[in-house]
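Student:
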Amino acid sequence: MRIRIGTRGSALALWQADHVAARLRDAHPGLEVERIIFTTRGDHILDRPLAEIGGKGLFTKELEVALDEGGIDLAVHSLKDMPVALPPGLTLGAIPVRADVRDCLVVRAGESPDDAQTIGTASLRRTCLARRRWPKAEVTSIRGNVPTRVGRVHDEGDRRMDLVILAAAGLARLEILKQRDDIELYPLNPETWVPAVGQGALAVECREGDARVRELLAPLHHADTAACVTAERAFLRAVEGDCRVPVGAYATFDRGTLRLRAAIGHPETGGLVETVKLGTDAETLGHPAAEAVLAAGGRELLASLRA
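The opening position of the sequence shown corresponds to residue 0 in numbering that gives the first Met the number 0, with each subsequent residue numbered one higher.
1) Please report the straight-line C-alpha distance between Asp157 and Val203, rounded to a whole angstrom.
2) Would you check if the distance between the CB atom of Ser122 and the CB atom of Gly197 is smaller than 9 Å?
3) Helix or strand or just coil, what does DSSP make of Asp253?
4) Helix, strand or coil for Ser77? Go by DSSP, reduced to three states.
5) Under 9 Å, do Asp17 and Arg3 count as touching if we go by C-beta distance?
6) Less than 9 Å between the beta carbons of Cys205 and Thr90, yes or no?
7) Kindly confirm or deny that the region 147 to 167 and the region 111 to 121 touch, where touching means at least three C-beta pairs closer than 8 Å.
8) Just verifying my parser: in three-state terms, what is the DSSP assignment at Ser303?
9) From what residue to what residue does the beta strand (DSSP E) around Val106 run?
10) According to DSSP, what are the bridge partners of Cys205?
11) Please identify the residue among Glu63, Glu299, Val292, Ile263 whose C-alpha is closest to the C-alpha of Arg125.
12) Which value, in whole angstroms, describes the spacing of the CA atoms of Ile71 and Ala65?
13) Between Thr283, Thr274, His265, Ala291, which has its C-alpha nearest Ala302's C-alpha?
14) If you follow the alpha helix (DSSP H) that Glu290 is in, where does it begin and where does it stop?
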């Protein structure tokens, strides 16, 4: 039996695809797995912030077209890169167990994040949170793969940053600290620095009607992770969030109860509206969280961003 996995070509995307391939082989001995690499529009355009060029679908569309047309059997994504609405006929066949949900500060070895004057990030959510923590620092939009952005703390001239902010999961998957000894990492508490929706989780997308692939993917699915990210994505959907709006959400699941921390921010002012909600149904929990955030000032904040 053979299956074709579609992936982007970055080191992190290849790691993720290979991880899913290994899990599939473990679950189905003898399964042949072929990896097919795609370049997405988001990979091509690196000189502008994501919010200016179309948002989350920039990293998924080419793979989804190939999936829909039968060129691949499944696509592996970072869940945080995926829009909440999938194309007709496609579904998430598996959400494996989640890795580290936290953001992480990267600085030059021997230096303190507290002293940062220049900060680089590709995310409006991180921009908002950085402006809250370092109100006098210059926060700059930076693009590129994980190693490139890590390297910005040692670049020369205007490209050099005192600090960059990245997902801890990506740094761990690429074993960045084994590659370089000239940086230090400072993970951030998700209770005080709310992560992106779906951060640390992978999404394996397939055709809705492909029973063979869905059966192969079933052992990879982690129900608790799926419940958490479903609640987070429900909040994102309820506030109509996208890459133009700083939205964060972080859910945990314990003994049948979900706890969802959710927030909307403003990238220019650092303003942030947060709430915490408890519930048992992942799909509906995002709605009261959205209502609470919007009622507490989030509605006016969103209006100012979309004006």
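No residue lacks a Cβ here, since even glycine has one placed at the ideal position from N, Cα and C. Given the structure is predicted, the values throughout are model-derived calculations rather than measurements.
Tutor: Reading off the structure:
1) One-based indexing of the sequence shown puts residue 157 at position 158. One-based indexing of the sequence shown puts residue 203 at position 204. Straight-line Cα distance between these residues: approximately 39 Å.
2) As a first step, residue 122 must be located in the sequence shown, where it is residue number 123. As a first step, residue 197 must be located in the sequence shown, where it is residue number 198. Not closer than 9 Å, so no.
3) As a first step, residue 253 is located in the sequence shown; it is residue number 254 there, counting from the start. Note: Asp253 maps to strand in three-state DSSP.
4) Stepping through the sequence shown from its first residue, residue 77 is reached at position 78. Ser77: strand per DSSP, three-state reduction.
5) Along the sequence shown, read from residue 1 onward, the residue named residue 17 stands at position 18. Along the sequence shown, read from residue 1 onward, the residue named residue 3 stands at position 4. No. Outside cutoff.
6) The count along the sequence shown starts at 1 and reaches residue 205 at position 206. The count along the sequence shown starts at 1 and reaches residue 90 at position 91. Yes, the Cβ-Cβ distance between Cys205 and Thr90 is below 9 Å.
7) yes
8) Here residue 303 is taken as the residue at index 304 of the sequence shown, counted from 1. Note: Ser303 maps to helix in three-state DSSP.
9) Here residue 106 is taken as the residue at index 107 of the sequence shown, counted from 1. Element bounds for Val106: 102 to 107.
10) Here residue 205 refers to the residue found at position 206 of the sequence shown. Answer by DSSP bridge pairing, in chain order: Leu73, Thr90.
11) Within the sequence shown, numbered from 1, the residue matching residue 125 stands at position 126. Residue Ile263 is the option with its Cα nearest to Arg125.
12) Here the question's residue 71 lines up with position 72 in the sequence shown. Here the question's residue 65 lines up with position 66 in the sequence shown. Taking the straight line joining both Cα atoms gives about 6 Å.
13) What you label residue 302 is simply residue 303 of the sequence shown in a count that begins at 1. Taking only the C-alpha atoms, the option nearest Ala302 is His265.
14) As a position in the sequence shown, residue 290 is number 291, starting the count at 1. Element bounds for Glu290: 281 to 292.
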